[in-house]
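Everything on this sheet refers to the single structure shown next.
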Amino acid sequence: MKLLAIETATEACSAALYIDGEVELRYAVQARRHSELILPMMEALLAGAGLTLSGLDALAFGRGPGAFTGVRIATGVVQGAAFAADLPVLPVSTLAALAQRCHREQGARQVLAAYDARMGELYWGGYQAEAGVMRVMIPDQVATPQDVELPRDGLWQGAGTGWAAHGEVLRGRLGPRLGGSSPALYCSAEDVARLAADGWLRGEAVTAEQVLPVYLRDQVASKPASPVT
């Protein structure tokens, strides 16, 4: 399988080319430059592999939640590319991708992924590894740190900027259920790609017309104003 994945929902901007389980990554932490960086990253990956968009099986993107502008960039770029090359798309939760990276790099099997959502809230989700793939245990949500849903038991690892902004409250609520946290960890297109490959096998691909960002705040999910071409 060949797929190209992008992720721009946080301070990190990345693109990854997945070919039969092997991943080539372009990654940079440069806030507010995602719109400049993402297309060259995609082009470099395809050129390095001697591929064009039409030679792929699918595209994937971090659908959110995350920074509104970043989520819109990824959605618009992927939708435009999918229309141009007539490719299916695999949307991946950015919280799931963050949890997948924590599992891949740190071996954590139960992860509480959190991004700072501003206004005293955070984006939050709980994931557990099953055969190397993070599966949702606590659905993605936006809430104050006092109100997010917590796991009832088990030992969990925290990941993401929500732990930098609200770690004190979260640690107090979790107590001995928290084994540690990685507040500086961002999600990566590599993990978007790996989750998308699993989603492909599970029949989760959608058409370009069905591509949607997920914002969570006020439970809003909407299409970009117009496809990027």
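Position one of the sequence shown corresponds to residue 535 (the numbering used here), numbered consecutively onward. Cβ coordinates follow ideal geometry from the N, Cα and C atoms, glycine included.
Exposure of Ala-718 is indicated by the presence of fewer than 16 other C-beta atoms within 10 angstroms of its C-beta.
For Leu-573, same chain residues with a beta-carbon under 8 Å away, outside a window of 5 residues either side, are Val-611 in chain order. Under the DSSP definition of a beta bridge, Ser-548 partners with Glu-541 and Tyr-561. In terms of Cβ geometry, Ala-723 and Ser-569 do not form a close pair [threshold 8 Å]. In this structure, Ala-730 sits near Leu-537, with a CB-CB distance shorter than 8 Å.
For Asp-725, no beta strand (DSSP E) encloses it; the enclosing alpha helix (DSSP H) starts and ends at 723-735.
For Ser-715, the enclosing beta strand (DSSP E) stretches over residues 712-716. Closest in alpha carbon position to Thr-586, among Tyr-749, Ala-630 and Leu-621, is Leu-621. Out of Leu-551, Leu-590, Ser-588 and Glu-702, the CA that lies nearest to the CA of Met-576 is found in Leu-551. Under the three-state reduction of DSSP, Glu-556 is assigned to strand. Under the DSSP assignment, Glu-655 falls in the beta strand (DSSP E) whose first and last residues are 655-664. Apart from sequence neighbours up to five positions away, the residues of its chain that approach Leu-571 with a beta-carbon distance below 8 Å are Cys-547, Ala-562 and Gln-564, ordered along the chain. A distance of 8 Å or more separates the beta carbons of Tyr-657 and Asp-681. For Ser-627, the enclosing beta strand (DSSP E) starts and ends at 623-627.
Distance between Thr-603 and Ala-543, taken at the CA atoms: about 8 Å.
About 15 Å separates the beta carbon of Ala-608 from that of Phe-617, a gap too long to meet the 8 Å contact definition. Residue environment analysis places Ser-716 among the buried positions, since at least 16 neighbouring C-beta atoms fall within 10 angstroms of its C-beta.
One Cα belongs to Leu-712, the other to Ala-581, and the distance between them is close to 43 Å.
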